Amino acid sequence: MRLQRILIPVDFSSQAEQASALAVELANRHSAEVVLLHADPLPGAGTIAVEPVYIPPSMLAGLRATYDQDIQNAFAELENTLRPQLNEGATLRTERCLASPVDGILEFAKEWDADLIVMGSSGLSGTARLLLGSTADKITRHAPCPVLVTRMQAPEQRPPQPFRQILVGIDHSPFSGPLARLATSVVAPAGVIELVHIWSPPFVSVLGTHLGGIETTEWTTAREAVIGDEAKRLEDFAQSLDLSGINCFIGAGNVPDALLDRADEHKADLIVVGAHGRRELGEKLIGTVTDRLLRHAHLSVLVLPEGGLPRWTL
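Residue numbers (full-length UniProt numbering): 1 to 314.
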């Protein structure tokens with residue numbers, strides 16, 4: 001499926017600049033239209049002083065004019081960097097909306113009918129991020145299209161390289177087929193896509209701590225049989241996709257940890273996963289697989305939210 005409209009939210013940070021360069025590489029392959037979007041409310045008195053103070057309207061207007069000029073200058077600098085990288089057929093323009101980043105990005109993506117959002121990973125960290133979530137966390141949960149969250153690359157890896165080794169998390173839910181098709185739209189020519197299914201029965205962590213050597217042979221035999229069945233199921237699924245350049249891998253254990261371990265072994269540069277909706281209180285507190293990957297992955301993560309599922313479903 002062709003990516004025709006790629007949205008890049010920018011805050012003019014180094015993370016956003018790298019995300020923009022990667023998005024341009026994708027735009028060149030798809031002859032896509034790229035929009036650089038800066039979503040931010042105008043600064044008011046609350047951003048100028050801790051204590052409430054009176055600011056004459058003329059002074060506030062001057063401050064806002066200076067702020068607007070700073071944004072225009074930042075846009076111009078980023079455009080000057082990106083435009084020489086554009087191939088014929090790909091286009092680039094800038095937009096600004098006066099709204100909070102999350103609301104502005106989501107509203108623009110919906111109205112413009114974006115095919116992909118590409119953004120850098122930045123924002124809160126530590127306990128604050130766990131409780132409140134970063135802008136990227138919220139966008140991946142509610143966006144109407146896939147969201148690519150990029151990671152900062154070392155200077156020697158710049159400009160960003162195309163994705164050559166992609167892992168796709170498969171759980172045999174309605175997301176699985178769309179995720180595989182989504183991966184084919186971003187993989188580099190001659191790149192490799194690996195479908196990864198992690199078998200993780202809910203009782204295994206508890207059972208493993210209480211076996212104490214009792215019936216371990218029986219347990220191992222049963223486990224190997226189940227993994228064998230899961231491997232066959234994954235192979236059958238891969239064949240049903242009728243896509244070339246697809247490999248399969250079956251693993252066992254904690255899903256996000258096992259995916260990250262496989263990414264290290266495979267030297268992957270992208271993980272593709274679905275953002276299942278939260279329905280249980282436990283998931284709200286502990287976090288879904290996607291949430292945990294966004295927090296801990298050292299590589300880029302491409303997320304397909306529920307809102308973006310229909311267009312990738314055959």
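Ideal placement from N, C-alpha and C gives every residue a C-beta, glycine not left out.
Small disclaimer: the values here were computed from a predicted structure and weren't measured.
In the DSSP assignment, N247 falls within the beta strand (DSSP E) that extends over I246 to A252.
Between the alpha carbons of S300 and D40 lies a gap of roughly 25 Å. Segment contact: the segment 138–152 against the segment 230–240, fewer than three CB-CB distances shorter than 8 Å; contact not assigned.
Here L243 is actually not in contact with L293; their C-beta atoms are around 23 Å apart, not less than 8 Å. 8 Å or more divides the Cβ of V186 from the Cβ of I139. A straight line joining the alpha-carbon of A76 with that of T94 spans about 9 Å. Comparing alpha carbon positions, the residue from L106, L3, G191 and R2 closest to P305 is L106. Per the C-alpha coordinates, the member of V24, A65 and R141 positioned closest to V273 is R141. The residue among I8, V303, L302 and R223 with its C-alpha nearest the C-alpha of L92 is I8. For G307, the secondary structure class from DSSP, reduced to helix, strand or coil, is helix.
Looking at A19, L60, G89 and E79, the one whose alpha-carbon comes closest to that of E33 is G89. Nearest Cα to A188 within the set W199, V196 and F163: F163. In the three-state reduction of the DSSP assignment, A27 falls in the helix class, which pools H, G and I. By the Cβ-count criterion, Q72 is exposed, with fewer than 16 other Cβ atoms from all chains shown falling within 10 Å of its own Cβ.
V273 sits in a strand when the DSSP states are folded into three classes. Secondary-structure assignment with DSSP links S300 through a beta bridge to L270.
The beta-carbon distance between A268 and L167, rounded to whole angstroms, is 5 Å. This is short enough to meet the 8 Å contact definition. Between D113 and R5, the gap from beta carbon to beta carbon is short of 8 Å. Taking 8 Å as the cut-off, the beta carbon of N254 is found closer than this to the beta carbon of S200.
Burial check for T288: the Cβ neighbour count within 10 Å reaches 16 or more, so the residue is buried.
Within the same chain, G120, S121, S122 and M152 come within 7 Å of Q15 by CB-CB distance, once the 5 residues on both sides are set aside. Take D115, set aside five residues on each side of it, and the residues of its chain with a beta-carbon closer than 7 Å to its own are L3, Q4, R5, I6 and C145, in chain order. Beta-carbon to beta-carbon, E230 and H197 are separated by about 6 Å, close enough to satisfy the 8 Å threshold.
Straight through space, the alpha carbons of L86 and S31 are spaced by roughly 9 Å. Bounds of the beta strand (DSSP E) holding E33 are E33 to A39.
With distances taken between CA atoms, F249 lies nearest to E194 out of E194, D264, L63 and T220. If only complete runs of 3 or more residues are kept, the segment 58–104 shows the beta strand (DSSP E) at 91–97, in order along the chain. Here V226 carries a helix assignment [DSSP, helix/strand/coil]. For P162, DSSP assigns no beta-bridge partner whatsoever.
Scanning H172, L270, P174 and K110 for the CA closest to the CA of A143 turns up K110. Per DSSP, the beta-bridge partners of G169 are V196. Residue pairing from DSSP places V149 in a beta bridge opposite M119 and V301.
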